[in-house]
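Protein chains: 2
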Amino acid sequence: MPRHLSSLNALQKSDVFKGMNEQQYEDVIRRGHRKTVGKDSVLFHQGDPATHCYLVNRNRLKLTKLNEQGKEVIIRYIGAGELTAAAAVIKDGLYPVTASSIDETEVVAWDKITMMEMMHHFPAIAINLLGIILARIDDVQQRYLEVCTEQVDQRIARSLLRLMRSAGSKSQNGILIEIPLSRQNIADYTGTTLYTVSRTLSAWEKKGWIQSGRERIVVTDPHALVAFAEG
Amino acid sequence: MPRHLSSLNALQKSDVFKGMNEQQYEDVIRRGHRKTVGKDSVLFHQGDPATHCYLVNRNRLKLTKLNEQGKEVIIRYIGAGELTAAAAVIKDGLYPVTASSIDETEVVAWDKITMMEMMHHFPAIAINLLGIILARIDDVQQRYLEVCTEQVDQRIARSLLRLMRSAGSKSQNGILIEIPLSRQNIADYTGTTLYTVSRTLSAWEKKGWIQSGRERIVVTDPHALVAFAEG
DNA sequence: TGCCTTGTTTGCGCCAGCGCAAAGACAAGG
DNA sequence: CCTTGTCTTTGCGCTGGCGCAAACAAGGCA
Chain C
0 MPRHLSSLNA LQKSDVFKGM NEQQYEDVIR RGHRKTVGKD SVLFHQGDPA
50 THCYLVNRNR LKLTKLNEQG KEVIIRYIGA GELTAAAAVI KDGLYPVTAS
100 SIDETEVVAW DKITMMEMMH HFPAIAINLL GIILARIDDV QQRYLEVCTE
150 QVDQRIARSL LRLMRSAGSK SQNGILIEIP LSRQNIADYT GTTLYTVSRT
200 LSAWEKKGWI QSGRERIVVT DPHALVAFAE G
Chain Y
0 MPRHLSSLNA LQKSDVFKGM NEQQYEDVIR RGHRKTVGKD SVLFHQGDPA
50 THCYLVNRNR LKLTKLNEQG KEVIIRYIGA GELTAAAAVI KDGLYPVTAS
100 SIDETEVVAW DKITMMEMMH HFPAIAINLL GIILARIDDV QQRYLEVCTE
150 QVDQRIARSL LRLMRSAGSK SQNGILIEIP LSRQNIADYT GTTLYTVSRT
200 LSAWEKKGWI QSGRERIVVT DPHALVAFAE G
């Protein structure tokens with residue numbers, strides 16, 4: 000495998016290019032533009048005309064949305080191998096969210112025209128894309144249901160579990176969430192406030208369900224969290 | 000135009016079949032099964048394997064979602080010319096929501112195989128479908144943002160406005176929402192309770208912003224509602 | 001090493017919104 | 001016209017969660 004591909008292993012895992020052979024895959028990568036964004040920088044802004052879609056290759060992006068008063072919500076995190084903004088690009092509209100990096104992050108970008116050509120040439124991409132978008136609808140609808148029907152601490156539990164599943168790695172005492180997560184971040188992701196998150200996590204730490212530090216969370220008793228979330 | 004099509008005018012408006020000629024359109028309709036469901040009946044249940052997708056031809060469907068505790072949320076209303084469950088069928092998964100009728104409702108149903116054949120034969124359908132799904136993601140994300148950041152009465156205002164836009168008709172004193180909407184329905188759609196909705200609507204009625212009766216709402220001052228929602 | 005910035009904790013007071021309960025209003029059907 | 005069931009209103013009390021304020025902790029950088 001040529002050197003310029005060797006560091007793109009993450010792409011192999013990507014659902015977008017599932018079902019393509021080595022040759023096709025190589026072509027697809029060649030048509031994209033690699034880009035590295037520094038920490039805490041914005042890849043695209045909510046409301047900007049959508050020109051490119053992005054596949055994360057290393058680290059992750061945070062998708063946020065603002066309302067008129069400037070209050071922020073975290074829609075989701077996009078990790079290695081995941082795609083974002085495909086939707087907006089295809090439909091030729093505006094980005095509905097803002098994408099920003101937490102740590103230095105590597106992405107591959109394709110513009111609308113290239114994306115369309117690729118989908119035309121490899122129909123599998125279009126079908127995979129549809130599946131990805133549908134999964135994302137399910138996810139948002141699920142969280143909409145939660146925020147409408149459940150109380151704050153249940154939602155915090157579910158949020159931690161969701162983040163654990165998508166970005167967790169086994170560590171010493173449990174499963175570490177590999178995203179720098181402040182209390183404010185968790186609040187924005189759950190639909191509550193920094194204070195309530197802090198109080199809740201403190202309580203759970205006393206119970207031995209989690210261990211937490213500055214922007215760092217280890218789930219030590221996932222089972223207890225699940226039981227609590229569904230209780 | 001043959002008689003069996005004359006009563007399917009609603010389909011003409013449908014975004015799904017935009018860009019097709021008369022011949023193609025006729026073929027598509029012929030391949031679907033017309034069905035009429037009585038009032039207050041369920042077309043499909045959340046969790047059932049998805050076999051068919053449906054286009055509403057007359058009246059409307061209500062899409063709801065339940066959590067583990069049995070609490071209900073209204074995800075959206077599907078009116079004449081709108082499609083639902085296309086997603087689930089394509090992906091061959093489970094229905095993520097329950098679809099039920101309020102009044103007697105006419106739909107056209109296609110099963111997965113037919114849908115796939117049609118999409119293969121008329122690529123425009125697939126593209127239109129993508130657009131529809133993307134619009135729906137935007138909608139859910141927008142409402143997720145609202146329910147996370149705004150207070151109850153603002154959300155009720157936005158809900159009324161949304162329903163007014165999608166199912167409003169000019170009437171004597173303002174714009175009538177043509178869906179039988181109980182206070183409980185509005186609560187389920189907004190993420191609050193029947194009591195709070197009742198109190199809020201009473202207050203707005205005194206201000207002259209709306210007129211309401213049993214399961215019936217007329218928006219008399221949309222502008223005031225918009226200002227309030229964004230205030 | 002010590003300063004400075006950014007994140008975390010916790011006490012405290014407060015209020016938006018919940019939810020019971022009970023009464024009133026409306027529609028349908030005998 | 002009355003009955004029955006469903007929907008709506010409103011008083012009342014309560015509490016989950018918000019948010020200020022202030023102290024504390026942890027890195028980062030000079």
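Residue numbers (numbering that gives the first Met the number 0), protein chains in the order written: chain C, 0 to 230; chain Y, 0 to 230. Quick reminder that beta carbons are idealized off the backbone N, C-alpha and C, glycines included. Computed from a prediction, not measured in an experiment: that's the story for all the values here.
Do you know how far the Cα of residue j is from the Cα of residue i?
| i | j | result |
| --- | --- | --- |
| Arg-59 (chain C) | Val-225 (chain C) | 25 Å |
| Leu-4 (chain C) | Arg-135 (chain C) | Here Leu-4 (chain C) scores only 42 on pLDDT, less than 50, and its place in the model should not be relied on; the value that follows carries that caveat. Approximately 28 Å between the Cα atoms of the pair. |
| Pro-274 (chain C) | Glu-81 (chain Y) | The structure shown does not extend to residue 274 (chain C), since chain C is modelled only from 0 through 230, so no value can be given for it. |
| Phe-93 (chain C) | Ile-131 (chain Y) | The sequence shown places Leu at residue 93 (chain C), not Phe. If you take the alpha carbons of Leu-93 (chain C) and Ile-131 (chain Y), they lie about 15 Å apart. |
| Lys-241 (chain C) | Val-72 (chain C) | Only positions 0 to 230 of chain C appear in the structure, and residue 241 (chain C) is not among them; the question remains open. |
| Tyr-24 (chain C) | Thr-83 (chain C) | 18 Å |
| Val-41 (chain C) | Ser-99 (chain C) | 4 Å |
| Pro-1 (chain Y) | Ser-211 (chain Y) | Interpretation of Pro-1 (chain Y) is limited by its pLDDT of 42, a score under 50 that renders its predicted location unreliable; the figure taken from the coordinates is listed afterwards. Between Pro-1 (chain Y) and Ser-211 (chain Y), the C-alpha separation is close to 42 Å. |
| Gln-171 (chain Y) | Tyr-143 (chain Y) | 34 Å |
| Arg-157 (chain C) | Trp-203 (chain C) | 14 Å |
| Asp-110 (chain C) | His-120 (chain C) | 15 Å |
| Glu-103 (chain Y) | Lys-34 (chain Y) | 11 Å |
| Ile-112 (chain C) | Glu-116 (chain Y) | 27 Å |
| Leu-193 (chain C) | Glu-149 (chain Y) | 16 Å |
| Ala-166 (chain C) | Ala-79 (chain C) | 10 Å |
| Gln-280 (chain C) | Arg-29 (chain Y) | Not covered by the structure: residue 280 (chain C). The range shown for chain C is 0 to 230. |
| Ile-216 (chain Y) | Gln-68 (chain C) | 28 Å |
| Val-36 (chain Y) | Pro-48 (chain C) | 42 Å |
Pick helix, strand or coil for residue i, following the three-state DSSP scheme.
| i | result |
| --- | --- |
| Gly-43 (chain C) | Checking the sequence, you will find Phe at residue 43 (chain C) rather than Gly. Phe-43 (chain C): strand per DSSP, three-state reduction. |
| Gly-130 (chain C) | helix |
| Val-55 (chain Y) | strand |
| Ala-98 (chain Y) | strand |
| Leu-224 (chain C) | helix |
| Leu-180 (chain C) | coil |
| Asp-137 (chain C) | helix |
| Glu-81 (chain C) | coil |
| Lys-61 (chain C) | strand |
| Thr-35 (chain C) | strand |
| Glu-145 (chain Y) | helix |
| Glu-103 (chain C) | coil |
| Lys-17 (chain C) | coil |
| Glu-229 (chain C) | helix |
Please say whether residue j and residue i have beta carbons closer to each other than 8 Å?
| i | j | result |
| --- | --- | --- |
| Leu-231 (chain Y) | Ser-168 (chain Y) | No information on residue 231 (chain Y) is available, as it lies outside the stretch 0 to 230 that chain Y covers here. |
| Lys-38 (chain C) | Ile-77 (chain C) | no |
| Asn-66 (chain Y) | Glu-105 (chain Y) | no |
| Val-15 (chain Y) | Leu-133 (chain Y) | no |
| Ala-228 (chain Y) | Trp-208 (chain Y) | no |
| Asp-138 (chain C) | Pro-95 (chain Y) | no |
| Glu-88 (chain Y) | His-51 (chain Y) | Here residue 88 (chain Y) is Val; the residue named in the question, Glu, does not match the sequence. In this structure, His-51 (chain Y) lies closer than 8 Å to Val-88 (chain Y) by Cβ. |
| Arg-182 (chain Y) | Val-196 (chain Y) | yes |
| Glu-155 (chain C) | Ile-124 (chain C) | Glu is not the amino acid found at residue 155 (chain C); the sequence shown has Ile there. Taking 8 Å as the Cβ cut-off, Ile-155 (chain C) and Ile-124 (chain C) do not qualify as a contacting pair. |
| Asp-108 (chain C) | Gly-31 (chain C) | The amino acid occupying residue 108 (chain C) in the given sequence is Ala; Asp does not appear at that position. Going by C-beta atoms, Ala-108 (chain C) is nearer than 8 Å to Gly-31 (chain C). |
| Pro-122 (chain C) | Met-163 (chain C) | no |
| Gln-140 (chain Y) | Lys-70 (chain C) | no |
| Val-218 (chain Y) | Gly-190 (chain Y) | no |
| Ser-13 (chain C) | Leu-54 (chain C) | yes |
| Thr-199 (chain C) | Asp-152 (chain C) | yes |
Quick one: give me the first and last residue of the beta strand (DSSP E) that residue i is part of.
| i | result |
| --- | --- |
| Glu-71 (chain Y) | 71-77 |
| Ser-211 (chain C) | 209-212 |
| Val-217 (chain Y) | 215-218 |
On the DSSP letters alone, give me the boundaries of the alpha helix (DSSP H) that residue i sits inside.
| i | result |
| --- | --- |
| Arg-30 (chain C) | 21-30 |
| Trp-203 (chain Y) | 193-206 |
| Thr-50 (chain C) | From DSSP, Thr-50 (chain C) is part of no alpha helix (DSSP H); its letter is neither H nor E. |
| Asp-152 (chain Y) | 151-166 |
| Thr-113 (chain C) | 111-120 |
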